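S.K.: So the sequence shown is numbered by the numbering used here: it starts at 485 and just counts up by one.
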Amino acid sequence: MSNEFLGLEMEIVSAIRTVYDPEIPVNIYDLGLIYEVNVEGDGKVRIVMTLTSPNCPVADSLPEEVREVVADLKGVKDVEVNMTFDPPWSRDMLSDEALLELGLL
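#1: In whole angstroms, what separates the C-alpha of I508 from that of P547?
#2: Please classify M485 as buried or exposed, where buried requires at least 16 other C-beta atoms within 10 Å of its C-beta.
#3: Quick one, which of R575, A543 and T534 has its alpha-carbon nearest E520's?
#4: In whole angstroms, what is the alpha-carbon distance linking G559 and R501?
#5: Alpha carbon to alpha carbon, how far is D580 from D526?
#6: Near P506, which residues of its chain fall below 7 Å by C-beta distance, leaving aside the five closest residues on each side in sequence?
#7: Entirely within the segment 507-536 and at least 3 residues each: give me those beta strand (DSSP E) ranges in chain order.
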């Protein structure tokens with residue numbers, strides 16, 4: 485992967501870190517809700533994410549918010565956000581930062 489793609493991927497992760505689950509004071513990246521970020525050479529970005537629960541009240545709005553913050557980045561031409569519940573989210577997916585923020589570390 486070229487430095488250009490790595491730079492864009494880092495910008496994408498930074499943008500995703502501005503999105504928060506409204507019920508948990510931690511960004512969705514550190515919550516472990518983002519499973520994949522794939523950047524293709526033509527500026528297409530594919531993101532695979534999950535929610536803390538299939539019945540999450542932001543099931544419609546959170547993926548759209550992710551799509552919007554990533555689509556606003558320079559160099560991004562198209563964003564596809566795919567939802568999955570396989571594997572299901574668990575507390576084991578929390579980053580150390582999230583564990584610290586939530587007082588679990």
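All residues carry an ideal CB built from backbone N, CA and C; glycine is no exception.
Since this is a predicted model, take the numbers as computed values, not measurements.
M.R.: Straight from the coordinates:
#1: In the sequence shown, counting from the first residue as 1, residue 508 sits at position 24. In the sequence shown, counting from the first residue as 1, residue 547 sits at position 63. Rounded to the nearest whole angstrom, the CA to CA distance from I508 to P547 is 16 Å.
#2: Here residue 485 corresponds to residue number 1 of the sequence shown, with the count starting at 1. Note that M485 scores a pLDDT of 48, beneath 50, so its modelled location is shaky and nothing firm can be said.
#3: Here residue 520 refers to the residue found at position 36 when the sequence shown is read from its first residue. Closest option to E520, judged by alpha-carbon separation, among R575, A543 and T534: T534.
#4: Along the sequence shown, read from residue 1 onward, the residue named residue 559 stands at position 75. Along the sequence shown, read from residue 1 onward, the residue named residue 501 stands at position 17. Whole-angstrom Cα-Cα distance: 18 Å.
#5: One-based indexing of the sequence shown puts residue 580 at position 96. One-based indexing of the sequence shown puts residue 526 at position 42. When rounded, the separation of the alpha-carbon atoms in D580 and D526 is 34 Å.
#6: The residue you call residue 506 lines up with position 22 of the sequence shown. Contacts found: V542.
#7: The segment 507-536 contains these whole beta strand (DSSP E) runs: 518-523 and 528-533.
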